[in-house]
Amino acid sequence: MAKEILDIVDDNGQPTGEVIDRVTAHREGILHRTSHVWLVRIKDGRQQVLLQKRSEEKDSYPGCYDISSAGHIPAGVDFVPSALRELKEELGVEVQAEDLVYCGQRKFHFEEIFHGERFKDNQISNVYLLWMDREAEEFQIQKEELSEVRWFDFEECIEDVKNGTIPNCIYTEELEMVGKDNHKAQK
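Okay, so the sequence shown: first residue is 546 according to the numbering used here, each after it adds one.
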């Protein structure tokens, strides 16, 4: 498998002109970019959010529920094109850039041990919301990346994440960002 090459970025998420491979970025905690897309819908009068369950083979948080679609941004690519590519690869979803509702940008850092190796994630993420009313079984999931997708009641999901009642690697702050913007461009 070819190495994934990422832009090294400054504190504002702007590429510095230097690149690094993903493995080294996570071993050394080098700042890089990701795109996060949260799929939401209204079902039976309640807002729902789609979560993916990460594959057991993932290099971080295997078997945990996560953002609907997310991914590292390859060197030379920007946030939105990367978000659109990840949606197609992970979920089989094709949409236009204007379908994404920008919710904001987050910077975060964490260190954990996964599969016996230290993993240092240091990233800047643009967060997007995408309205999509599609049943979970209609998504064409990328089996190498995720084992399933499932709709959760939005408010219950926030509580499940806060209380740790589902295995997850979700930041409540990010879900709340999406919740604030859920009225924008509702379809």
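We treat Cβ as the ideally placed atom computed from N, Cα and C, and that holds for glycine.
Looking at the structure shown, is ASP705 part of a helix, part of a strand, or coil, going by DSSP?
Residue 705 sits at position 160 when you count from the first residue of the sequence shown. If DSSP states are grouped into helix, strand and coil, ASP705 belongs with the helices.
Cβ pair count under 8 angstroms reaching 3, the stretch 566-582 against the stretch 678-685:
no
Pick helix, strand or coil for LYS688, following the three-state DSSP scheme.
Locating residue 688 in the sequence shown gives position 143, counting from the first residue. DSSP places LYS688 in coil when its eight states are reduced to three.
Can you name the start and end residues of the alpha helix (DSSP H) that LEU595 belongs to?
Translated into positions along the sequence shown, residue 595 becomes position 50. Element bounds for LEU595: not the alpha helix (DSSP H) but the beta strand (DSSP E), 591-599.
Excluding the five sequence neighbours on either side, which residues of its own chain have a C-beta within less than 7 angstroms of the C-beta of SER600, listed in chain order?
The residue labelled residue 600 in the question sits at position 55 within the sequence shown. Hits under 7 angstroms: PRO607, GLU689, GLU690, LEU691 and SER692.
First and last residue of the uninterrupted alpha helix (DSSP H) at VAL640
On the sequence shown, position 95 is the one that residue 640 refers to. From DSSP, VAL640 is part of no alpha helix (DSSP H); its letter is neither H nor E.
Using three-state DSSP, classify HIS617 as helix, strand or coil.
As a working note, residue 617 is residue 72 in the sequence shown. In the structure shown, HIS617 sits in a strand (DSSP, three-state: E or B).
Helix, strand or coil, according to DSSP, for GLY520 in the structure here?
Here the chain comprises residues numbered 546 to 732, so residue 520 is not present and cannot be evaluated.
Take the Cβ of GLU719 as the centre, count every other Cβ of all protein chains shown within 10 Å, and call the residue buried at 16 or more, exposed below.
Counting from 1 along the sequence shown, the entry for residue 719 is found at position 174. Per the 10 Å Cβ criterion, buried.
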